[in-house]
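Below is one structure, written out as structure tokens, with a few remarks after it.
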Amino acid sequence: MTERIALDLPDGRTLDVQVSGPTDGTLIIWHHGTPGCLYQGREKQRVLHSRGLRYASYSRAGAAGSTRNPGRSVADVASDMAAIADRLGAERFLTGGQSGGGPHALATGAGLPDRVLAVLAVCAVKPYVDQPDFLDGMGADNITEFNLALQGEDALLPFLEKERGEILEADAEGVIRTLDTLLPDVDRAVLSGELGEDIIRNLQGGVQELYGWCDDDLAFTKDWGFDLAGIRVPTYLWQGSADLMVPFHHGEWLAAQIPGVVPHLELGEGHFSLQVRLFEQMVDELLAHVPR
Numbered sequence: 001m002t003e004r005i006a007l008d009l010p011d012g013r014t015l016d017v018q019v020s021g022p023t024d025g026t027l028i029i030w031h032h033g034t035p036g037c038l039y040q041g042r043e044k045q046r047v048l049h050s051r052g053l054r055y056a057s058y059s060r061a062g063a064a065g066s067t068r069n070p071g072r073s074v075a076d077v078a079s080d081m082a083a084i085a086d087r088l089g090a091e092r093f094l095t096g097g098q099s100g101g102g103p104h105a106l107a108t109g110a111g112l113p114d115r116v117l118a119v120l121a122v123c124a125v126k127p128y129v130d131q132p133d134f135l136d137g138m139g140a141d142n143i144t145e146f147n148l149a150l151q152g153e154d155a156l157l158p159f160l161e162k163e164r165g166e167i168l169e170a171d172a173e174g175v176i177r178t179l180d181t182l183l184p185d186v187d188r189a190v191l192s193g194e195l196g197e198d199i200i201r202n203l204q205g206g207v208q209e210l211y212g213w214c215d216d217d218l219a220f221t222k223d224w225g226f227d228l229a230g231i232r233v234p235t236y237l238w239q240g241s242a243d244l245m246v247p248f249h250h251g252e253w254l255a256a257q258i259p260g261v262v263p264h265l266e267l268g269e270g271h272f273s274l275q276v277r278l279f280e281q282m283v284d285e286l287l288a289h290v291p292r
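The sequence shown runs 1 to 292 under the UniProt record's numbering.
And the structure:
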């Protein structure tokens, strides 16, 4: 059974949350990419349910169904995750995220060390601040997007509006064309069938409102609001060497900053292929931290 929740937050905002899986299972809260929303892949749901996990996803502040939180930092997500866990009666929980959701998963672990059992960050972008090589190795569209983000909301929104139009008109094959500069062959090979359908649903849901996408980009290019070196919960980091959305050196850098992190720096894998081929292994690592 899947339940949709309009979660009222203490500051007056609303968060759009979806939860499924066994009600007595350990909770895992998943952070979507950028752009994105609470609609995640069906295979991801099947894997998490098969491990007995209760699976919650949500749309970040400013995405469709969730109230905007202007000027938010990456760190601000932790209080929203505490509210989700409270609503679902989970004192402790796992958390994970891919791409733009990776930093938010790390922030949740940093901000809620007494509640988070373990963190999974997949293809996570590193901070822009003090990282002059941030854009090195990215596809052309991402370079344009982040350069505009550095100029602020007014410069970024027209670009996102144009991108939104292309995403809303696309089918799975159209997504490949839209993301042309960001897809190595290894990613193109997996973007078909059910996965392609799920990705376009997530992207199209994520661009219904642009502020979630915009505010993610702005948050990534300023101070994240927490110290990676201060993370004290078990953390697993995955990154593919062929990724053109989040280049390999982002994962290498993050792996060097987080105490005790278990890094999986996979040669030959891309942004999507990594998640398709190795997601079960990623989840099984987390299960070691689930109380029995």
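Note that the Cβ used here is the ideal one computed from N, Cα and C, for glycine as well.
Distance CB(residue i)-CB(residue j) smaller than 9 angstroms
i, j, result
"residue 16", "residue 37", "yes"
"residue 172", "residue 199", "yes"
"residue 99", "residue 33", "yes"
"residue 119", "residue 95", "yes"
"residue 25", "residue 53", "yes"
"residue 239", "residue 263", "yes"
"residue 157", "residue 289", "no"
"residue 31", "residue 139", "no"
"residue 202", "residue 45", "no"
"residue 210", "residue 161", "yes"
"residue 132", "residue 223", "no"
Opposing strand residues paired with residue i [DSSP bridges]
i, result
"residue 236", "120 and 262"
"residue 91", "Answer is none; residue 91 lacks a bridge partner."
"residue 251", "The partner list for residue 251 (beta bridge, DSSP) is empty, contrary to what the question assumes."
"residue 54", "27"
"residue 199", "In the DSSP output, where bridge partners are listed per residue, residue 199 has none listed."
"residue 20", "2 and 55"
"residue 96", "30 and 120"
"residue 14", "8"
Other residues of its chain near residue i: CB distance less than 7 angstroms, five sequence neighbours each side excluded
i, result
"residue 59", "16, 37, 38, 65, 66 and 212"
"residue 341", "No answer is possible for residue 341: the residues shown for the chain start at 1 and end at 292."
"residue 48", "21, 28, 55 and 283"
"residue 178", "166, 167 and 170"
"residue 141", "181 and 182"
"residue 261", "235, 237 and 255"
"residue 91", "115"
"residue 151", "none"
"residue 184", "242, 244 and 270"
"residue 4", "18"
"residue 287", "51"
"residue 257", "228 and 229"
Distance between beta carbons of residue j and residue i, contact taken as under 8 angstroms
i, j, result
"residue 206", "residue 110", "The Cβ separation is near 24 angstroms, so there is no contact."
"residue 243", "residue 268", "10 angstroms between Cβ atoms; not a contact."
"residue 176", "residue 188", "6 angstroms"
"residue 13", "residue 85", "The pair is not a contact, with the Cβ atoms about 17 angstroms apart (cut-off 8 angstroms)."
"residue 68", "residue 215", "7 angstroms"
8 angstroms CB neighbourhood of residue i in its chain, flanking five on each side removed
i, result
"residue 42", "194 and 198"
"residue 225", "73, 74, 75, 76 and 107"
"residue 241", "248, 265, 266, 267, 268 and 269"
"residue 278", "238, 264, 266 and 269"
"residue 340", "No information on residue 340 is available, as it lies outside the stretch 1 to 292 that the chain covers here."
"residue 306", "In the structure as shown, the chain begins at 1 and stops at 292. Residue 306 is therefore absent and cannot be evaluated."
"residue 137", "244, 247, 248 and 249"
"residue 23", "54"
Distance cut-off 8 angstroms: residue i Cβ against heavy atoms of the ligand SAH
i, result
"residue 292", "The ligand SAH is not among the ligands present in this structure, which contains no ligands whatsoever."
Same chain, Cβ closer than 6 angstroms to residue i, neighbours up to 5 away in sequence not counted
i, result
"residue 276", "190"
"residue 78", "107, 108, 111 and 112"
"residue 273", "186, 187 and 190"
_Check whether the segment 215 to 227 and the segment 62 to 80 touch, using three or more Cβ-Cβ pairs below 8 angstroms as the test._
Output reads yes: the segment 62 to 80 touches the segment 215 to 227.
*Should the segment 111 to 123 be called in touch with the segment 237 to 256, which here means at least 3 C-beta pairs below 8 angstroms?*
Put simply, the segment 111 to 123 touches the segment 237 to 256. At least three CB pairs are less than 8 angstroms apart.
*At least 3 beta-carbon pairs within less than 8 angstroms: the segment 96 to 110 vs the segment 228 to 237*: Flag = yes, the segment 96 to 110 and the segment 228 to 237 touch.
_When you compare the segment 95 to 107 with the segment 137 to 154, are there three or more beta-carbon pairs, one atom per stretch, that lie closer than 8 angstroms?_
No, the segment 95 to 107 is not in contact with the segment 137 to 154.
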